[in-house]
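Residue numbers (the working numbering), protein chains in the order written: chain W, 1 to 144; chain Z, 145 to 288.
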DNA sequence: TACTTTAATCAGAGACTCTGACTATCTCAA
DNA sequence: TTGAGATAGTCAGAGTCTCTGATTAAAGTA
């Protein structure tokens, strides 16, 4: 069944496999209360704290959605909100120690998956893939 | 901000951009009643008809979810269900003429996006990208 | 100071997905 | 041929994610 899927779809397949693996590893390590949507947002929180609006923009969701997800992350102990000293309207979302345990774990699994991929396609192709995807990001990432 | 995102995340960014473009083109052409989830499923329906279970498996959702989406596609006139002559339990989901108008349109926009990408990264990199992603599919697509 | 913009929240609704339970039909082995 | 188990699909209920619209509070600006 060697159909000619478009490149976007092929990316979807690989990305989903990666996400499932990382999600499973995180859940398996005892952090089973984080959902994929929450994790996607959490991954974008800066180590020095992020505003909700920034988070929403970079994750490409509305600020209401971002607020909803941060509420849950806060309740689960992964983030906390503090007043933004630079702006009385804003609050900074900060990662807690608990989050700082999970994130390396998730990154580690992602690296492991990448290593498996590299084993399958070879070092050269993997390097080209990363280079090409980074170039594509320049024209496909509305945030950066 | 040249962070080192993992390859899975980079794919997510590009894929989402592609999906948004295709979705917008379809909506713009007057087919604004199809959602992304419905479209993802519809794209997997074989021209000779597909069973719900097959569809669910290939889209990686439960058969209940697939059934829910097919219900909506049926109500909107994009698919119809007929008895499967080969199995009394099963029904075949068939694309209607309306669906056969939309799908080329969606594929056309996807091709247009790919052409833009190729213009940005070059013909050689585009060919390599497709080749590499196809190889990755071998180990990341649980369906095929 | 008055007007406009921005950050965040509240309220309500719709869409997507899942688990569990069930019926009808098919397959296969005794 | 018949009975047990597997498979295709549906119904019911719940949780999660996402959106639009309206509101409040604080900044920025003329």
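Don't be surprised by glycine CBs; every beta carbon is placed ideally from N, CA and C.
Who are the Cβ neighbours of residue i in its own chain at under 8 Å, not counting the five residues just before and after it?
i: residue 196 of chain Z; result: 207, 210, 211, 214, 234, 235 and 237
i: residue 60 of chain W; result: 142 and 143
i: residue 79 of chain W; result: 42, 45, 70, 73, 93, 94, 95, 96 and 99
i: residue 103 of chain W; result: 42, 43 and 95
i: residue 105 of chain W; result: 25, 26, 29 and 31
i: residue 273 of chain Z; result: 265
Spatial neighbours of residue i within its chain, please: C-beta separation below 6 Å, excluding the five flanking residues on both sides.
i: residue 257 of chain Z; result: 162 and 165
i: residue 189 of chain Z; result: 237 and 239
i: residue 262 of chain Z; result: 270
i: residue 25 of chain W; result: 109
i: residue 194 of chain Z; result: 237
i: residue 220 of chain Z; result: 177
Assign residue i to one of three DSSP states: helix, strand, or coil.
i: residue 1 of chain W; result: Any reading at residue 1 of chain W must be qualified, since the residue scores a pLDDT of 46, below 50, and its modelled position is unreliable; no value is offered.
i: residue 144 of chain W; result: coil
i: residue 202 of chain Z; result: helix
i: residue 188 of chain Z; result: coil
Short of 7 Å in beta carbon distance, which residues of its chain neighbour residue i, apart from the five on each side in sequence? Order them along the chain.
i: residue 182 of chain Z; result: 213, 216 and 217
i: residue 58 of chain W; result: 44 and 143
i: residue 110 of chain W; result: 18 and 22
i: residue 180 of chain Z; result: 163 and 167
i: residue 268 of chain Z; result: none
Tell me which residue opens and which closes the beta strand (DSSP E) that residue i is part of.
i: residue 83 of chain W; result: 79-83
i: residue 235 of chain Z; result: 235-239
In or out: residue i buried (at least 16 other Cβ within 10 Å) or exposed?
i: residue 145 of chain Z; result: With a pLDDT of 45 at residue 145 of chain Z, under the threshold of 50, the predicted position of this residue should be treated as unreliable, and no value is reported.
i: residue 116 of chain W; result: exposed
i: residue 82 of chain W; result: exposed
i: residue 121 of chain W; result: buried
i: residue 157 of chain Z; result: buried
i: residue 132 of chain W; result: buried
i: residue 154 of chain Z; result: buried
i: residue 230 of chain Z; result: exposed
i: residue 192 of chain Z; result: exposed
i: residue 88 of chain W; result: exposed
i: residue 251 of chain Z; result: exposed
i: residue 8 of chain W; result: buried
Starting from residue i, trace the alpha helix (DSSP H) in both directions and tell me its first and last residue.
i: residue 34 of chain W; result: No alpha helix (DSSP H) contains residue 34 of chain W, which DSSP labels as neither H nor E.
i: residue 90 of chain Z; result: Any question about residue 90 of chain Z goes unanswered here, given that chain Z covers just 145 to 288.
i: residue 210 of chain Z; result: 207-219
Using a Cβ-Cβ cut-off of less than 7 Å, list which residues of the region 121-136 of chain W approach chain Z; keep chain order.
-> Listed by position along the chain: 121, 125, 128, 129, 130, 132, 133, 134, 135 and 136.
The region 154-172 of chain Z: positions lying closer than 8 Å to chain W by Cβ = Residues 154, 155, 156, 157, 158, 159, 160, 161, 162, 163 and 166.
For the region 199-227 of chain Z, enumerate the residues whose C-beta is nearer than 8 Å to any C-beta of chain W, in chain order.
-> Only 204 from the region 199-227 of chain Z bring a Cβ to less than 8 Å from some Cβ of chain W.
In chain order, what residues of the region 98-112 of chain W put their CB closer than 8 Å to some CB of chain Z?
-> Taking 8 Å as the upper bound on Cβ-Cβ separation, chain Z lies near residues 107, 110 and 111 of the region 98-112 of chain W.
Can you give me, in chain order, the residues of the region 28-56 of chain W that have a beta carbon less than 9 Å from any beta carbon in chain Z?
-> Within the region 28-56 of chain W, the qualifying residues are 40 and 43.
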